[in-house]
Amino acid sequence: MTLTGTIGESYAKFDPDAIYEAAALPNATDGTSGEFKIGRTQGGNQLNILADSTVNVATSETLVFEVLSDSTEDGSFADTRVIKTLTGPVTVEAGDVIAKFIAPDDVESINKLKITASADQSGDTIDAFIS
Numbered sequence: 000m001t002l003t004g005t006i007g008e009s010y011a012k013f014d015p016d017a018i019y020e021a022a023a024l025p026n027a028t029d030g031t032s033g034e035f036k037i038g039r040t041q042g043g044n045q046l047n048i049l050a051d052s053t054v055n056v057a058t059s060e061t062l063v064f065e066v067l068s069d070s071t072e073d074g075s076f077a078d079t080r081v082i083k084t085l086t087g088p089v090t091v092e093a094g095d096v097i098a099k100f101i102a103p104d105d106v107e108s109i110n111k112l113k114i115t116a117s118a119d120q121s122g123d124t125i126d127a128f129i130s
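According to numbering that gives the first Met the number 0, the residues represented by the sequence shown are 0 to 130, in order.
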C-alpha cells in the first residue's frame, strides 16, 4: 500500500482501502458501495466516514449509514448494522468525522457500505476508507 492521504485524527488513509473519495450522497434513495474487507483480514479493522464537503441534513430528513456483511462475495449481505443515523437539522463540516465503525469479531469478512437518504443529498460528498 502507498500512503496517498494525510495522517491525522489517529488514522492513516491508504489508497487501496478507499471505498469512496469525494463521492456524492444519494438523491432520496440508497446507494451501496462495492465490496471491501474489514476485520478478520490482513487489512484494517476500522471503517471511517468523513464529510468531504459540508453535509447538510434538512429538518425531519435522515441520512443512514449501514454496513452490510456476508461470508461470500455472492452472498445476500443480509447481516445489516446501522452505524450512524443523522436526523436533521444537522450540519457536518467538511473534514469532520461522520462515523467510525470498528468491526466486532462477529462481522463477516466481506462487506458493503449502504447509505440511505430520505431527501436529495447529492450536492454533498463524503470520503470512506479503511484504516
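For each residue, glycine too, the CB sits at the ideal point set by N, CA and C. Here the structure is a predicted model, which is why all the values come from computation and not from measurement.
Beta-carbon contacts of residue i that lie in its chain and below 6 Å, excluding the five residues immediately before and after
i: residue 96; result: 49
i: residue 141; result: Given that the chain is displayed from residue 0 to residue 130, the structure contains no residue 141 and the question cannot be resolved.
i: residue 68; result: 78, 106, 107, 110
i: residue 123; result: 24, 52, 54
Counted within 10 angstroms of its Cβ, other Cβ atoms place residue i as buried (16 or more) or exposed
i: residue 26; result: exposed
i: residue 21; result: exposed
i: residue 54; result: buried
i: residue 107; result: buried
i: residue 2; result: The pLDDT assigned to residue 2 is 36, lower than 50, so where the model puts this residue is not dependable; a value taken from the coordinates is nonetheless given after this. Exposed, because fewer than 16 other Cβ atoms sit within 10 Å of the Cβ of residue 2.
i: residue 90; result: exposed
i: residue 65; result: buried
i: residue 125; result: buried
i: residue 93; result: exposed
Residue-chain proximity (residue i, chain D), Cβ-Cβ < 7 Å
i: residue 104; result: In the structure shown, chain D cannot be found, because there is only a single protein chain.
Sequence-distant residues of its chain with Cβ nearer than 8 Å to residue i (five each side left out)
i: residue 34; result: 72, 109, 110, 111
i: residue 8; result: Low confidence applies to residue 8: its pLDDT is 43, below 50, so where it sits in the model is not reliable enough to give any reading.
i: residue 61; result: 84, 85, 86, 87, 115, 116, 117
i: residue 81; result: 63, 64, 65
i: residue 45; result: 10, 37, 99, 100, 101, 102, 129, 130
Residue i - containing beta strand (DSSP E), residue span
i: residue 29; result: 29-31
i: residue 24; result: Taken as a continuous stretch (DSSP letters only), residue 24 belongs to no beta strand (DSSP E), as it is neither H nor E.
i: residue 98; result: 96-101
i: residue 73; result: Careful: residue 73 lies outside any beta strand (DSSP E) and carries neither H nor E.
i: residue 54; result: 54-56
i: residue 114; result: 109-116
i: residue 106; result: First-last for residue 106: undefined, no H or E at that position.
Identity of the residues DSSP links to residue i by a beta bridge
i: residue 129; result: 46
i: residue 119; result: 26
Cβ shell of residue i (< 7 Å), same chain only, five flanking positions each side left out
i: residue 59; result: 87
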